[in-house]
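Peer 1: As numbered in my numbering, the sequence shown has no gaps in its residue numbers, which increase by one up to the final residue, 128.
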Amino acid sequence: MAKATVGAAGIEYIQGAMLKPKKENGHKHGNYLIMTHRSAPTTNPNCQRIYSKPVDAYDRKTPVSSDETLARNRFGAIGTAVAARKKNLSTIAADTAAFNAQKETGYKTFRQYLWHVCADEYDQSQG
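#1: Should residue 119 go down as buried or exposed, given a rule of 16 or more other Cβ atoms within 10 Å for buried?
#2: Ordered along the chain, which non-local residues of its own chain (more than five positions away) have a Cβ less than 6 Å from that of residue 79?
#3: In chain order, what are the residue ranges of uninterrupted alpha helix (DSSP H) at least 4 long that sit wholly in the stretch 37 to 119?
#4: Would you check if there are 3 or more beta carbon pairs closer than 8 Å linking the stretch 36 to 49 to the stretch 66 to 83?
#5: Residues in its own chain within less than 8 Å of residue 40 by CB, not counting five upstream and five downstream?
#6: Is it the case that the stretch 89 to 96 contacts the stretch 52 to 65, given that we only count it when at least three CB pairs across the two stretches are under 8 Å?
#7: Out of 26, 68, 52, which has the shortest C-alpha to C-alpha gap to residue 35?
#8: Please tell me whether residue 86 and residue 115 are closer than 8 Å, where the distance is taken between their beta carbons.
#9: Looking only at its chain, what residues have a beta carbon closer than 6 Å to the beta carbon of residue 29, apart from the 5 residues adjacent to it on each side?
#10: Leaving out five residues before and five after residue 50 in sequence, what residues of the same chain have Cβ atoms less than 6 Å from its Cβ?
#11: From the DSSP output, which residues share a beta bridge with residue 16?
So, in structure tokens, the structure goes:
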């Protein structure tokens, strides 16, 4: 839902979805009402915008392609491998040492490093 900031004069700004369609008896009623607040510095005084989107704005219009299915499967497999590798006591010491050795020039977080390692292993196993 939306986040609002309230000041002395009332609501200063609202950001997020103020209204979402209500699903009732298998179909939806209403529209999406979304407000945005630009927080980047600018000279334009108009920093609040409101958008109204139809009920089906976020429904997929096209079927899932085979390339997208492969990408989803790859992402899921690599994510599962990363989670398992983070808990694997037999590889954690070697992974930590390898991560620390490349930290200055490569991946900045241990999760990024493991994601890279597991992605390479997955890609090699898939041929």
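Where is the CB? At the ideal position from N, CA and C, for every residue including glycine. Here the structure is a predicted model, which is why all the values come from computation and not from measurement.
Peer 2: So, to answer that:
#1: buried
#2: If the five residues before and after residue 79 are omitted, its C-beta is found closer than 6 Å to the C-beta atoms of 119, 120, 123, all from its own chain and listed in chain order.
#3: 67 to 88, 93 to 103
#4: no
#5: 48
#6: no
#7: 52
#8: Residue 115 is positioned such that its CB atom lies closer than 8 Å to that of residue 86.
#9: 22, 56
#10: 37
#11: 4
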